[in-house]
Amino acid sequence: MTYLKKMFVSNMSVMSAFCAITISLMLAILLLWFSGAPPIETGKLLLEGSLGNATRLSDTSMVWVPLALASASLIITFAAGLWNIGVEGQIIVGAIFASFVAREFDAPAPLLWGAMIMAGALGGMFWGGLTGLLRIKGKVNEIFGGLGLTFVATGIVIYLVIGPWKRAGIASTSGTAPFDSKAWFPTIMDLRVSPLAILLALAGLWLVYYLLKQSKFGLQLRATGINAIAASRLGVRTERNLMLAFLLGGVLAGIAGTVQVGAMHHKLVPSISGGYGYLAILVVLLGNYKSFRSGLISFFFAMIAVGSIQWQLRLDLHSSLGGVTQGILVLVVLVVMAIFTQYQRNQRI
Amino acid sequence: MHPETIATIVAASSPLVFAVLGETLTEKVGVVNLSLDGSMLLAAMVGFAIAFTTGSVELGFLAAALASSLVALIIVFTSIELRLNQIAIGLILTLLGTKLAAFLGQDFVRQVGPSVQARAIPYLEDIPYLGKIFFDHNPVVYASFLAIVLVYTFLFHTRHGLELQSSGERPEAAFAKGIPVNRLRYIYTALGGALVGIGGAAFSLDVKLGWSEGHIANFGWIALAIVIFGGWHPVRAALGCYIFGALQIIALRLQPELPGLSQVLPILPFPIMILTLVAVNHPLIRKIGLRSSVLGKIVRSDPPAALGRPFWRE
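So the protein sequences, as listed, match chains A and B.
Be aware that the first sequence starts at 8, since it is given in the working numbering, and climbs by one per residue.
Be aware that the second sequence starts at 90, since it is given in the working numbering, and climbs by one per residue.
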């Protein structure tokens, strides 16, 4: 691991990163071309569609918020050596808890927002904690525990939307009735962008950076992630650390869920998590588990997500093309970086 | 239970049987192919698209096996040659496979294409009770029975099978004995991937006909969980598939009686999956497994010792 770290600070790594990005962009262009899209046109549409005017920029930043929060959540658990694939479910449960507060409580607006955020964080923490319990006490690998719980959360959300929380008179999967406008996070003018949500995402990324880089807890967590047995021999309480990582990851994911209901949909819908939990896996792998980089990549991925809507509208391209581009990008960058690393390793021997 | 119900369960479970056998082979040699959810979808799409275009179901299966095998090869190649993490690459390929299947399959959505034709086996189908269950199906279902027997015999009763197992348990020792560990990992990961692909095509060409986006989403994860439940033993894993199939049929039959829960019933497998995983890892179960060798074979679930751990000769 230290070897890899050294590589990353050397010039070689800058070059390899540059090459990796160039090659993957070229591949992406080839792919677009192959699928019948004029490459320059698609590139222009992507930029215009995601940053072109205030509305689009604000849409992009509102995709960025949950993605960045989910990424922050994954970075914490990755540091402990965990594959916390259950982030998606934690987002959903956070959204459910926040919706509960928005529906059932009446308070002055700022208080209500605070209560929603607290409730969402609690919900995510609860679901993350369950995954942690399954892993630590039940010896169930967190990939399966997390995924299983995600599907359970999906079931709960559908049950709520068509059952107890259905709109008066009609039960449809299009969602619950909109919340009282007091529970809507404030936005800048008529745009979608909510400064509160942006602040939450920035705070989440900073918190993860601070914890992992500056705190004793972060050091112990990373030690647990690298070698749990060695860490526990050195007096680190590894089980407690793992559990804390799950809980903290859950808090961040739960806040992402809160933003989804409080600032985006203003109601609970079955697809409330928006796939951000899964997409964040790609972000964090590409960002090499670092919070600043992952924040930037989240924004780039949000641009692809929002911009590719224009591909659909203007060029009649399939909606999955954005996702294909993201996946190929991550795969190619990892492979090209690894080829460089491998080449250097061979040089040294 | 009525023989026809059992026959339905056995037939409906055949795609999962292929996928689970394939992943068991792959994991036995020490490689985790976590991409199942994506590669099965991709294979289901490729299988259907090829069968639809050429009119040949056999070519569809072949193409599906190749596509899924290719995905599996990416995992083993990046792990052995580039030292990338198998889980990371597997997850990327899961997401990429899902999106790629949706993208490449857009022209085949909800088309009516060819499917595997039923062919009862003469004479054998007339055996009372058992004939209905085992011999009144189509070739894909018979192939799934055959695959269970073949994988079991190969793994535990042939020299090659033992070499495969040693590569997943003690790669260093195996290598010292002259077994080409990494070559075996390439071969059996590709072979396992091909079986996974056949499983995917068995969905789109037999059990759940046709193609649409997210056609068989989540079945890959179920397959991965059944491999663990099956304790990396092909016969037990196949049994897991049949139990899962039975649960699904029960849920389907319950739907008319519990209309309010019809949207929620599809998620029922997942809490059950978690509980079974807790059960197979429970200390009590493990203790029983250690005490008695016969019971141990039935209840214990230990992964290959070098599962997911790359082997480099240095």
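Quick reminder that beta carbons are idealized off the backbone N, C-alpha and C, glycines included.
Of all alpha-carbon atoms in A:Ala79, A:Tyr216, A:Lys297, A:Leu38, the one lying nearest the alpha-carbon of Val94 of chain A is that of A:Ala79. Residues of the segment 279-313 of chain A with a C-beta atom less than 8 Å from some C-beta of chain B are Tyr285, Leu286, Ile288, Leu289, Leu292, listed in chain order.
With fewer than 16 other beta carbons inside 10 angstroms of its own, Asp196 of chain B counts as exposed. When the five nearest sequence neighbours on each side are left out, no beta carbon in the same chain lies closer than 6 Å to the beta carbon of Leu328 of chain B. Proximity of Lys188 of chain B to chain A, defined by a Cβ-Cβ separation below 8 Å, is satisfied. In this chain, the alpha helix (DSSP H) harbouring Trp310 of chain B covers 308-318. According to the DSSP assignment, Ile363 of chain B belongs to the alpha helix (DSSP H) that extends over 358-369. If you draw a 10 Å sphere on the C-beta of Asn353 of chain A, you find fewer than 16 other C-beta atoms in it, and that means exposed.
Here DSSP, grouped into helix, strand and coil, assigns Val268 of chain A to helix. A check of alpha carbon separations from Ala394 of chain B across B:Trp321, B:Ala177, B:Pro104, B:Ala100 identifies B:Trp321 as the nearest.
In the structure shown, the three-state DSSP call for Asp225 of chain B is coil. In summary, Glu261 of chain B is exposed, with fewer than 16 beta-carbon neighbours lying within 10 Å of its beta-carbon over all protein chains present.
For Asp126 of chain B, the enclosing alpha helix (DSSP H) stretches over residues 125-143.
Shown here, Pro202 of chain A sits in a helix according to DSSP, grouped into three states. Of the residues A:Ile288, A:Thr348, A:Ala270, the one whose Cα lies closest to the Cα of Ser65 of chain A is A:Ala270. Residues of the segment 78-110 of chain A that bring their beta carbon within less than 9 Å of a beta carbon in chain B comprise Trp90, Ile92, in sequence order. Counting other Cβ atoms within 10 Å of its Cβ, Ser179 of chain A stays below 16 and is therefore classed as exposed. DSSP, read as helix, strand or coil, puts Thr94 of chain B in helix.
Look at the segment 76-155 of chain A and you find these whole runs of alpha helix (DSSP H), each 4 residues long or longer: 94-111, 116-143.
Within 7 Å of the CB of Leu373 of chain B, no CB atom of chain A is found; the nearest one sits about 12 Å away. If you check the CB distance, Gly111 of chain B and Gly282 of chain B come in under 8 Å. By the criterion of a C-beta distance shorter than 6 Å, Gly211 of chain A is surrounded in its chain by Leu76, Ala79, Leu259, once the five residues flanking it on both sides are discounted.
By the neighbour-count definition (other C-beta atoms within 10 Å, threshold 16), Trp40 of chain A is an exposed residue.
Of the residues assessed, Met22 of chain A falls on the exposed side of the cut-off, its CB having fewer than 16 other CB atoms within 10 angstroms. Close CB contacts of Thr143 of chain B within its chain, under the 8 Å cut and outside five residues either way in sequence, are with Gly149 (chain order). Close partners of Ala177 of chain B in chain A (Cβ separation under 7 Å): Leu292. Assigned with DSSP and collapsed to three states, Arg244 of chain A falls in coil, not helix or strand. Within chain B, Ala191, Phe192, Gln195 have C-beta atoms less than 8 Å from the C-beta of His325 of chain A, given in sequence order. The beta-carbon distance between Ile150 of chain A and Met250 of chain A, rounded to whole angstroms, is 17 Å. This is too long to meet the 8 Å contact definition.
Think of a sphere of 9 Å around the beta carbon of Trp300 of chain B: no beta carbon from chain A falls inside it, the nearest being about 13 Å out. Interface criterion met: the Cβ of Gly155 of chain A is under 8 Å from a Cβ in chain B. Take the alpha-carbon of Gly242 of chain A and the one of Ser255 of chain B: they are about 35 Å apart. Legend: CB atoms of the segment 275-294 of chain B lying less than 7 Å from CB atoms of chain A are not found in any residue.
Where Gln337 of chain B is concerned, the enclosing alpha helix (DSSP H) starts and stops at 323-343.
In this chain, the alpha helix (DSSP H) harbouring Met310 of chain A covers 298-322.
Per DSSP, reduced to three states, the secondary structure at Ser65 of chain A is helical.
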